[in-house]
Structure formats: structure tokens, C-alpha cells
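Under this note's numbering, the first residue of the sequence shown carries the number 1, and numbering increases by one thereafter. Beta carbons: idealized from backbone N, C-alpha and C, even for Gly.
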Amino acid sequence: METFLIEQINGSNGPLAGSTIKNTTSIKGGCVHDAWCLELNDGEKVFAKTSSLKNFQMLKVESDGLKALNEYANKNVLYIPKPLMVQKLETHSILLMPWIKFARGDELKLGEGLALLHKTSATKGQEFFGWSEDGFIGLGSQLKGWKKQWGECFTDLRLKPQIQIAQKWGLDINLNKLDKFLSQIRSLLDEHEPSPSLVHGDLWKGNAGIDEKGCGIIFDPAVWWADREVDIAMTLLFGGFSKNFYAGYQKIWPLEEKWETRVDIYNFYHLLNHANIFGGSYKSQCYEAIKKIYKVLNTE
Numbered sequence: 001m002e003t004f005l006i007e008q009i010n011g012s013n014g015p016l017a018g019s020t021i022k023n024t025t026s027i028k029g030g031c032v033h034d035a036w037c038l039e040l041n042d043g044e045k046v047f048a049k050t051s052s053l054k055n056f057q058m059l060k061v062e063s064d065g066l067k068a069l070n071e072y073a074n075k076n077v078l079y080i081p082k083p084l085m086v087q088k089l090e091t092h093s094i095l096l097m098p099w100i101k102f103a104r105g106d107e108l109k110l111g112e113g114l115a116l117l118h119k120t121s122a123t124k125g126q127e128f129f130g131w132s133e134d135g136f137i138g139l140g141s142q143l144k145g146w147k148k149q150w151g152e153c154f155t156d157l158r159l160k161p162q163i164q165i166a167q168k169w170g171l172d173i174n175l176n177k178l179d180k181f182l183s184q185i186r187s188l189l190d191e192h193e194p195s196p197s198l199v200h201g202d203l204w205k206g207n208a209g210i211d212e213k214g215c216g217i218i219f220d221p222a223v224w225w226a227d228r229e230v231d232i233a234m235t236l237l238f239g240g241f242s243k244n245f246y247a248g249y250q251k252i253w254p255l256e257e258k259w260e261t262r263v264d265i266y267n268f269y270h271l272l273n274h275a276n277i278f279g280g281s282y283k284s285q286c287y288e289a290i291k292k293i294y295k296v297l298n299t300e
């Protein structure tokens, strides 16, 4: 970490004013922000994300999402880091969180914790699906808005905006077919009638883990009120979660019959987002997803 940035963090108006940063270690893995382990003079460690000033809102939304998830997390089985500070410095934006010690272990509690998060938030009495402010899904935008019907929310606030971007790189769905396609998806999801749960929203293996006590950990969210199945679907998109993760989830709140028929629909959103950001093979995966979704729509 550059000396001038350390000075801003330690400065009188910085998030660690009064502390001395003894050592900084770069953490690999992020494609948007820089990540650091900051070791303080008292031996404490803090996790820091730094980014450009223009990306402050991305860090702010992440901070807000972590706070929201913490309201419903069962701390005995699921740890979600609580933001310590999100702030604009002179030259950078910064988000500080407690340092997490990851470990290898059984993912049973991770599954149980996710199920409890979904189940507890679903009992809040939240009437609408969506979120109150524009957010981010990786580098992509995730639109704000509220919808009473789940199918309308997912098609209008999630699929449509991504499809419109995808059409710029050549996703070939003509307007007549697209309207019918989205209408069929909307009807299928409306018939499903899930209760709104607060979801992580970007739950791939890189955003989850186990701590030294065996508790599950989730971080880097893209939260919104949605069908809980969107989180389960994304765990299957890139894989990496163990059988015990799913066993733990099913133990606490079993998934509904035919949940697997909705997996490709929910993951289509993430494939579109990846294709719009990264291109490459994600484009062909979008076409494969469309074929799978048509099969579901024609058999339901």
C-alpha cells in the first residue's frame, strides 16, 4: 500500500485516526477493488478495501448490504462481517471490516445459517420484492424498485435490463419472442408465489467460507428482497459447495417441490451479467440457458 494512502487512513480525518499501521499485506482475488490486511501497532488486524473515489457508492452499497444481512443472521452458525467504516479519503474510497480467519471445515453450518437467514427474514412481513436503492452485481448495475409480484420483479428489474445490454453485443432475441419469453417466465414465477426473503444475491463459492469455529461466513453481497431460491441457484452455477451445505439448508428450511426447475431461470440473470461484463464463453452460455428455460416453460 502506498505511503500517501496509509497517511490518509491514519490521518486525523481518517478511519483509523489515532492508530498506527504497522504492516500492510495485499490480498489477491478482487477484480474491482484492492484488498488489504492492515496490521496495527496493538496487534489487531483489519480488512480494508480501497478503490477510486468514483467507486465510493459501490463500497457504500456493500456496507449497507452487510448491515442488512446482519439483522437476520444467527450468529451461532453464520458470521457476516459488520462494516467498521466506509469513507471517502482525499484520493481513494475505503471500506474497513474485521479481519476474518478462514479455515477448512464442514459446510453444514454454512447451509444452516443461510437457511435461517432466509427463513427469519421471510417472517418479517416484507410485502414487496426488490430494493430501495440502485446497487451492483459485480461490476454490473442492479436496479432499485419494488414489485408486489415476484415474477414481475425478476423479469422487469433483473432480466430485462441485462437483456437490453446483451442485445448490444448481439444477443439475438427479437422483440416479439422476447416479450413472450419474459411473459412466460413472469407467469411461472408468479404461480410459484414465494415469500420475500433477504438474499445475499451473489453467492458463489468465492463469497463464502468457514471460520475457525466452524461457522459459515458470507460476504461481498448484492442484497435484495427476493425468492430465497436465487441464492441456492447461484451456488450451483459455478459449483464448489459440498453436499453438507445443502443438507444443512434442507434441514432448517426444505426447498419447495420443483425448485430445480427454476434454477436455470435465476442463473440466467448472472450469466447475462457475466456476458455483459466479461464476454467470452459466457455469451454462448446465455444461449444454452435460453434453450433450457424454453424446455421448462414448455413442460410446465
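Taken through DSSP and simplified to helix, strand or coil, Cys-286 comes out as helix. At a Cβ-Cβ threshold of 8 Å, Lys-168 and Leu-157 do not count as neighbours. The alpha-carbon of Lys-60 is positioned some 15 Å away from that of Trp-131. At a Cβ-Cβ threshold of 8 Å, Leu-114 and Gly-216 count as neighbours. It is roughly 44 Å from the alpha-carbon of Met-97 to the alpha-carbon of Leu-297.
In this structure, Gly-105 lies away from Tyr-246, with their beta-carbon atoms at least 8 Å apart. The count of Cβ pairs closer than 8 Å, one atom from the stretch 77 to 91 and one from the stretch 225 to 242, stays below three, leaving the stretches out of contact. Residue burial is scored here from C-beta neighbours: Gly-201 has at least 16 other C-beta atoms within 10 angstroms and is therefore classed as buried. With a 10 Å radius around the Cβ and a threshold of 16 neighbouring Cβ atoms, Ser-197 comes out buried.
When C-beta atoms of the stretch 134 to 153 are compared with those of the stretch 271 to 282, three or more pairs fall below 8 Å, so the two segments count as touching. Assignment of beta-bridge partners to His-92 by DSSP yields Ser-52. Following the DSSP letters along the chain, one finds Phe-245 inside the alpha helix (DSSP H) bounded by residues 243 to 252. Runs of alpha helix (DSSP H) with 4 or more residues, each lying fully within the stretch 92 to 155, are found at 108 to 122, 150 to 153, listed in chain order. In the three-state reduction of the DSSP assignment, Leu-198 falls in the strand class. In the DSSP assignment, Asn-276 falls within the alpha helix (DSSP H) that extends over 263 to 278.
Annotation for Lys-160: the continuous alpha helix (DSSP H) segment containing it runs 160 to 169.
Taking a 10 Å sphere around the C-beta of Glu-107, we find 16 or more other C-beta atoms and assign the residue as buried. In this structure, the CA atom of Asp-190 is about 25 Å from the CA atom of Leu-69. Bridge pairing for Asp-227: absent [DSSP]. Between Gln-126 and Trp-225 the beta-carbon gap is near 5 Å, inside 8 Å, which marks them as a contact. Our two residues, Glu-256 and Glu-229, have alpha carbons roughly 9 Å apart in a direct line.
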